[in-house]
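So the sequence shown is numbered by the numbering used here: it starts at 40 and just counts up by one.
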Amino acid sequence: MHNWRNVLIGSEEPISRAIEILDKEAQRIVLVINNKNQLLGTVTDGDIRRGLINRLGMDEPVREIMYKAPRTASVDDDRETILEIMTASDLLHVPLLDKDGCLVGMETIQHLTSKACHDNPVFLMAGGFGKRLRPLTLDTPKPLLKVGNTPILQTILESFIKSGFHNFYISTHYKADMVRDHFGNGDNWGVKIEYVHENEPLGTAGALGLLPDDLSDKPLIMMNGDLLTKVNFEDLLVYHERFGGIATMCVREYDFQVPYGVVTADEYRVIDIVEKPIHKFFVNAGIYVINPELYSDVSGSKFLDMPDLLQNQITRSKQVNMFPVHEYWLDIGRTEDFELAQITISKGQV
């Protein structure tokens, strides 16, 4: 996968530097940004040649030749939307911007149209009781509740398949037969699905110990079976491999506003008053990449949650990384979340 950061350049850098980047990176485009990481323009070979025709020197700033109104896409757009944008404008690349207009990536037509294939195992957790969603889950396991016309777990499965994954394992406990009957061995999707069954609930990590011994030696992606998200799983794998570590945990930013003025004091003396401050935290998003040496150590015979498993690794000075999720993400744990998911689907946001 290309590294879009290698084609960044400041607007005051010389044209010669843009040529150097085009030659070295072979991506046929340079992205011009300011010091706030906002996209100012793009430079291609054609822009450089037009500059030469206009007798601009190699030491002139790149802003003199950049195209100042490039077509962009949102980082939250799905693959099909971005492909439509590129096809309509006959583009080979499209910069990706976040909601604040900052450059966060670049998609290429080659990447979008090539068929990826990842042998990494994907482990989907589908054994929970879904107690907070009762009475909806009295007759149907939570992963089979339909958001729109499709069960939650099927939406998750199909998003992985679109990204080129084909080797799936599903953990079951509550109403396991219904999950097995719906997904079968994966033939309906052209993939392989195997199951591990928890005779007793083993927590969010305990079922790792039930996976077969001959599992692939590649990092495993593990995900709760009640999430709707547009996380790019290929990017997640690249991130995990780039930064190393025994595991990578996806996290979401969570804001909490104190509804009162917060007072800081030194004994009896007030030294600061902050009205309704907002505290920001990173919280667990329920998606992980785990190296084989970690999941192969799980016994599968006792209850174990993922935070405890990862905290144990951290205590042992093992490297555990976090992958901030800025894409759409929703944990369908409560009735109000389920209702919100229906609205999101109806608006075509997932």
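Glycine included, C-beta positions come from ideal geometry on N, C-alpha and C.
Using a Cβ-Cβ cut-off of 6 Å (strictly less than) and excluding sequence neighbours within five positions of residue 204, which residues of its own chain qualify? Working through the sequence shown from its first residue, we reach residue 204 at position 165. Excluding the 5 residues flanking it on each side, residue 204 has same chain C-beta neighbours closer than 6 Å at 157, 161, in chain order.
Determine the DSSP secondary structure at residue 346, reduced to helix, strand or coil. Translated into the one-based positions of the sequence shown, residue 346 becomes position 307. DSSP places residue 346 in helix when its eight states are reduced to three.
Can you have a look at residue 327 and say buried or exposed, based on whether 16 or more other CB atoms are within 10 angstroms of its CB? Counted from its first residue, the sequence shown places residue 327 at position 288. Burial is judged here by how many other beta carbons sit within 10 angstroms of a residue's own beta carbon; residue 327 has at least 16 and is buried.
As assigned by DSSP and simplified to three states, the class of residue 370: Here the question's residue 370 lines up with position 331 in the sequence shown. When DSSP states are grouped into helix, strand and coil, residue 370 belongs to the strand group.
Kindly confirm or deny that the region 305-319 and the region 207-216 touch, where touching means at least three C-beta pairs closer than 8 Å. Contact between the region 305-319 and the region 207-216 is absent: fewer than three C-beta pairs spanning the two stretches fall below 8 Å.
Grouping DSSP H, G and I as helix and E and B as strand, with all else coil, what is residue 80? Position 41 of the sequence shown, counted from the first residue, corresponds to residue 80. In the three-state scheme derived from DSSP, where H, G and I count as helix and E and B as strand, residue 80 is classed as strand.
Would you check if the region 145-154 and the region 225-236 touch, i.e. whether three or more CB-CB distances between them fall below 8 Å? As far as the Cβ criterion goes, the region 225-236 does not touch the region 145-154, which means the pair count is below three.
I'd like to confirm the pairing. Which residues does DSSP put opposite residue 185 in its beta bridges? As a first step, residue 185 is located in the sequence shown; it is residue number 146 there, counting from the start. 190, per the DSSP bridge assignment.
For residue 383, would you say it is in contact with chain B, using Cβ-to-Cβ distances shorter than 8 Å as the test? In summary, chain B is missing from the structure at hand, where a single protein chain is found.
Distance CB(residue 165)-CB(residue 182) smaller than 8 Å: What you label residue 165 is simply residue 126 of the sequence shown in a count that begins at 1. What you label residue 182 is simply residue 143 of the sequence shown in a count that begins at 1. Yes.
For the beta strand (DSSP E) holding residue 209, just list the boundary residues, first then last. Locating residue 209 in the sequence shown gives position 170, where the first residue counts as 1. Residue 209: member of the beta strand (DSSP E) spanning 206-211, first to last residue.
With the cut-off set at 8 Å, would you say residue 362 and residue 290 are in Cβ contact? Residue mapping note: residue 362 aligns to position 323 of the sequence shown, counting from 1. Residue mapping note: residue 290 aligns to position 251 of the sequence shown, counting from 1. In contact: residue 362 and residue 290 (Cβ atoms closer than 8 Å).
Are residue 329 and residue 261 touching if we call contact CB-CB under 8 Å? Taking the sequence shown and counting its residues from 1, the one referred to as residue 329 is at position 290. Taking the sequence shown and counting its residues from 1, the one referred to as residue 261 is at position 222. Contact flag set, yes.
Note down, in chain order, each residue of its chain lying with its Cβ closer than 7 Å to the Cβ of residue 169, except the 5 sequence neighbours on either side. Walking along the sequence shown from the start, residue 169 turns up at place 130. 176, 180, 181, listed in sequence order.
Along the chain, which unbroken stretches of the alpha helix (DSSP H) at least 4 residues long are found entirely within the region 69-144? Runs found: 84-92, 118-128.
Straight-line CA distance for residue 134 to residue 62? Taking the first residue of the sequence shown as position 1, residue 134 is located at position 95. Taking the first residue of the sequence shown as position 1, residue 62 is located at position 23. In a straight line, the C-alpha of residue 134 is about 19 Å away from that of residue 62.
Secondary structure of residue 168, DSSP reduced to three states: Position 129 of the sequence shown holds residue 168. Residue 168: coil per DSSP, three-state reduction.
In the DSSP assignment, the alpha helix (DSSP H) including residue 152 goes from what residue to what residue? Against the sequence shown, residue 152 aligns to sequence position 113. Taken as a continuous stretch (DSSP letters only), the alpha helix (DSSP H) holding residue 152 covers 148-152.
In three-state terms, what does DSSP make of residue 276? Taking the sequence shown and counting its residues from 1, the one referred to as residue 276 is at position 237. For residue 276, the three-state secondary structure derived from DSSP is helix.
Apart from the five residues on each side of it in sequence, which residues of its chain come closer than 7 Å, Cβ to Cβ, to residue 199? As a position in the sequence shown, residue 199 is number 160, starting the count at 1. Result list for residue 199: 161, 272, in chain order.
By a C-beta neighbour count over all protein chains shown, 10 Å radius and 16 as the cutoff for buried, is residue 127 buried or exposed? Within the sequence shown, the letter at position 88 stands for residue 127. Counting other Cβ atoms within 10 Å of its Cβ, residue 127 stays below 16 and is therefore classed as exposed.
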